[in-house]
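Using our numbering, the first residue of the sequence shown is number 21, and each one after it goes up by one. By construction, the Cβ of each residue, glycine as well, lies at the ideal position given by its N, Cα and C atoms. A short write-up of the structure that comes next.
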Amino acid sequence: YYTGKNKDACAVEVDRYIVMPGQATSYKIGELKILELRKKFEDVQGENFDIRDFHDLILRNGALPLNVLEDYANSFLNQ
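So this is what it looks like as structure tokens:
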């Protein structure tokens, strides 16, 4: 086991992915969308980009559907 977790913890992880195969995929899709938004903000804001402000914007409203998060974030770029 090369995960840093013990055998029982690994078994729980494997079982979780077997039972809910879409969960890991949804996490990855969310990660990719946030990275896409971050790159867009960095490109538009240049040296004025502040990662703390970006994190505040992304996390401000809690869990949102990705399309709503994207629209919300883009509304700040269009001001």
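Using the Cβ count rule (16 or more neighbours within 10 Å means buried), how would you classify residue i?
i          : result
residue 55 : exposed
residue 61 : buried
residue 89 : buried
residue 93 : buried
Ordered along the chain, which non-local residues of its own chain (more than five positions away) have a Cβ less than 8 Å from that of residue i?
i          : result
residue 49 : 86
residue 84 : 92
Can you give me the C-alpha to C-alpha distance between residue i and residue j, rounded to a whole angstrom?
i          : j          : result
residue 41 : residue 34 : 10 Å
residue 98 : residue 64 : 10 Å
residue 68 : residue 74 : 11 Å
Out of the options, which one is the CA nearest neighbour of residue i?
i          : options        : result
residue 91 : 43, 52, 57     : 57
residue 51 : 23, 22, 96, 78 : 78
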